[in-house]
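Here the protein sequences line up with chains A and B, keeping their order.
Position 76 (the first sequence) corresponds to 76 in this note's numbering; numbering is contiguous.
Position 29 (the second sequence) corresponds to 239 in this note's numbering; numbering is contiguous.
By construction, the Cβ of each residue, glycine as well, lies at the ideal position given by its N, Cα and C atoms.
In this text, all values refer to a predicted model and were calculated from it rather than measured experimentally.
Number of protein chains: 2
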Amino acid sequence: MRDGALQVLLWQRAREPFRGAWALPGGVLSPGETLEESIRRHLAAKVDVREVSHLEQLATYGEPTRDPRGWELATAYLGLVQLGLDPDVPADTRWHPVDELPPTAFDHGAIVLAGRKRLRGKLSYSNAGFALAPPTFTLAELREVYVAALGHDVSATNLRRVLERRAVIEPTGERRPSGRAGGRPAEVFRFRDAQLAITDPFAALRPRRR
Amino acid sequence: MRDGALQVLLWQRAREPFRGAWALPGGVLSPGETLEESIRRHLAAKVDVREVSHLEQLATYGEPTRDPRGWELATAYLGLVQLGLDPDVPADTRWHPVDELPPTAFDHGAIVLAGRKRLRGKLSYSNAGFALAPPTFTLAELREVYVAALGHDVSATNLRRVLERRAVIEPTGERRPSGRAGGRPAEVFRFRDAQLAITDPFAALRPRRR
DNA sequence: GCTAGTTTTTGACTATGAGTCGTAAACCCG
DNA sequence: CGGGTTTACGACTCATAGTCAAAAACTAGC
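So this is what it looks like as structure tokens:
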């Protein structure tokens with residue numbers, strides 16, 4: 001989350017193929033390594049991995065033509081960084097709004113869109129917001145996160161009621177004066193869990209009484 | 211769907227490692243092959259692939275210890291076969307209820323459970339039922355499919371209203387005398403789409419009016 | 001042909017979650 | 001101390017889902 005938009009960290013290729021195009025961080029698997037270990041290792045070269053609050057496997061891409069140099073498989077992961085963190089990144093990397101991607105290398109454009117889709121789904125039926133929002137936040141701030149990630153307007157009233165009813169967020173008891181000009185100070189909230197948890201949003205045909 | 215239970219096709223290993231244990235159909239990727247092409251090719255050795263009504267990627271497993279012979283990655287797919295089809299299968303393969311798995315080879319037990327989980331989710335927020343139910347069916351039949359796949363009771367009244375409201379199923383106009391003893395003949399339904407479609411079940415914070 | 005039994009369909013009712021809107025509360029600033 | 005601003009809260013409405021019971025439509029037996 002940067003400048004009110006969902007952004008993705010890409011680095012610009014200096015060599016062919018796709019010289020000048022932007023690619024996702026990643027690299028080849030080392031022998032004996034878990035997929036997740038490998039992702040974290042390659043990510044560590046670009047950004048402080050401790051700042052990645054959530055990491056989950058997205059999909060494996062195996063089109064024989066996806067790399068012009070030859071046949072290569074890639075397993076993509078979705079990693080999330082909380083709003084407010086500003087990790088140091090190397091000179092050849094930049095954050096790009098997911099909705100305005102520059103020319104991308106390989107099939108990385110499609111992968112980014114798949115990540116956005118996954119994120120949008122999870123925001124609706126899980127507490128995935130914890131991985132995007134700062135540790136504590138006001139409802140107005142959380143609303144901005146949801147607006148940027150979901151791509152449509154979100155009512156703060158509704159957001160509060162829904163997330164509080166599902167026991168996803170809770171008030172900390174603190175208050176924080178509103179940012180710009182005056183106004184009633186906002187309540188400060190936090191997410192209850194710092195781990196992904198499905199909220200079982202709708203019972204979906206499950207009988208209510210036993 | 212067999213005998214009122216969700217079942218999975220496994221074959222019994224004749225050689226070490228895991229001799230005698232049951233494994234998912236599959237095999238190694240051939241050069242130049244798409245992942246899905248490869249899955250279909252290996253599947254074709256066990257079952258008529260045309261009878262697989264839906265196929266989707268599940269996840270990639272890369273634990274270095276998952277195969278005692280050495281380091282090997284596996285990308286698992288979830289494939290569904292409609293109720294009523296009874297494909298010929300080789301002598302060393304058998305259908306097993308997903309809830310009572312025999313000893314499994316490698317991490318295939320975990321993969322099967324992941325597939326069941328994925329299926330249960332999709333049944334709730336998509337028209338995935340088309341891939342399990344026969345082309346036309348009565349509500350009582352569809353209910354049995356959902357009961358077996360979801361693992362809990364489902365009200366036929368509710369199922370009809372929910373799926374009709376979401377425009378997932380529609381009546382064909384036909385009627386079919388009920389199976390066993392008398393009773394009012396049941397209406398015959400079909401799924402509207404034969405392709406997976408998300409039904410966007412709950413608006414999830416999306417404003418209603420524009 | 002009538003009646004009892006079965007199965008499916010239908011509608012009324014209720015519960016719950018979600019969206020809208022207006023108003024009250026709590027602050028800043030001049 | 002009043003105007004402007006932001007947040008919080010409550011009342012209302014709407015949509016979807018679950019429960020229940022009664023009606024409908026058939027078979028089978030007498």
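Pick from the options that is closest to residue i, judged by C-alpha positions
i	options	result
B:H318	B:R260, B:S240, B:W221	B:W221
A:P17	A:A105, A:I111, A:S155	A:A105
B:R330	B:R229, B:D302, B:L290	B:L290
B:A338	B:P241, B:S263, B:G237	B:S263
A:A140	A:P103, A:R190, A:D92, A:A110	A:R190
A:R192	A:A91, A:E170, A:R175, A:P207	A:E170
A:L142	A:A181, A:Q82, A:R118	A:Q82
A:A131	A:R15, A:V168, A:A74	A:V168
A:R213	A:T65, A:P102, A:A76, A:V162	The structure shown does not extend to residue 213 of chain A, since chain A spans only 1 to 210, so no value can be given for it.
B:V238	B:P344, B:L253, B:S365	B:L253
B:Q267	B:G392, B:N368, B:T367, B:G325	B:G325
A:T75	B:R251, B:A269, B:V372	B:A269
A:Y77	A:P135, A:G173, A:V154, A:L9	A:L9
B:R370	B:P345, B:E397, B:A391	B:E397
B:R376	B:L333, B:R229, B:P417, B:A391	B:L333
A:D3	A:L73, A:H96, A:T136, A:P87	A:H96
A:R41	A:P31, A:G173, A:L55, A:G26	A:G26
B:L265	B:E247, B:A255, B:Y271	B:E247
A:A91	A:T136, A:L73, A:A45	A:A45
B:A320	B:T346, B:P297, B:Y271, B:R304	B:Y271
A:A5	A:P134, A:T138, A:E100, A:R118	A:E100
B:V259	B:N368, B:G230, B:P297	B:P297
B:T367	B:K327, B:T348, B:A391	B:T348
B:R328	B:L360, B:E374, B:V355	B:L360
Where the beta strand (DSSP E) through residue i begins and ends
i	result
A:V188	186 to 191
A:G121	Element bounds for A:G121: not the beta strand (DSSP E) but the alpha helix (DSSP H), 108 to 125.
A:A59	52 to 61
A:T93	93 to 97
A:E170	169 to 176
B:V218	217 to 222
Interface residues of chain B facing residue i [CB-CB closer than 8 Å]
i	result
A:E63	T244
Cross-chain neighbours of residue i in chain A, by beta carbon under 7 Å
i	result
B:R416	H152
B:T285	T60
Closer than 9 Å at the beta carbon, the chain B residues around residue i
i	result
A:P31	P274, W281
Whole-angstrom C-beta distance between residue j and residue i, which should lie under 8 Å
i	j	result
B:I408	B:Y335	6 Å
B:V299	B:V257	6 Å
A:E51	A:L24	That belief does not hold up - the Cβ atoms of A:E51 and A:L24 are roughly 17 Å apart, past 8 Å.
B:Q405	B:V308	At roughly 24 Å, the Cβ-Cβ gap does not stay under 8 Å, so B:Q405 and B:V308 are not in contact.
B:T156	A:P64	This structure leaves residue 156 of chain B out entirely; chain B is present only between 211 and 420.
B:D363	B:V372	Actually they do not touch by this definition, with Cβ atoms about 15 Å apart.
B:P395	A:S155	With a Cβ gap of about 48 Å, B:P395 and A:S155 do not count as contacting.
A:W71	B:P241	6 Å
A:T136	A:T172	6 Å
Limits of the unbroken alpha helix (DSSP H) element including residue i
i	result
B:E282	That residue, B:E282, is in no alpha helix (DSSP H); it is neither H nor E in DSSP.
A:S38	35 to 44
A:T136	Looking at the DSSP string, A:T136 is not in any alpha helix (DSSP H); the run it does join, the beta strand (DSSP E), is 136 to 138.
A:V162	156 to 165
Any non-hydrogen atom of the ligand NAP closer than 7 Å to residue i Cβ
i	result
A:R40	In terms of ligand content, the structure shown is empty, and the ligand NAP therefore cannot be addressed.
> According to a CB-to-CB cut-off of less than 8 Å, which residues of the region 344 to 371 of chain B neighbour chain A?
Replying inline: Y356, L360, H362, D363, V364, S365, N368, L369
>> What are the residues in the region 257 to 272 of chain B lying within 7 Å of chain A by C-beta distance?
In response: Q267, A269, T270, G272
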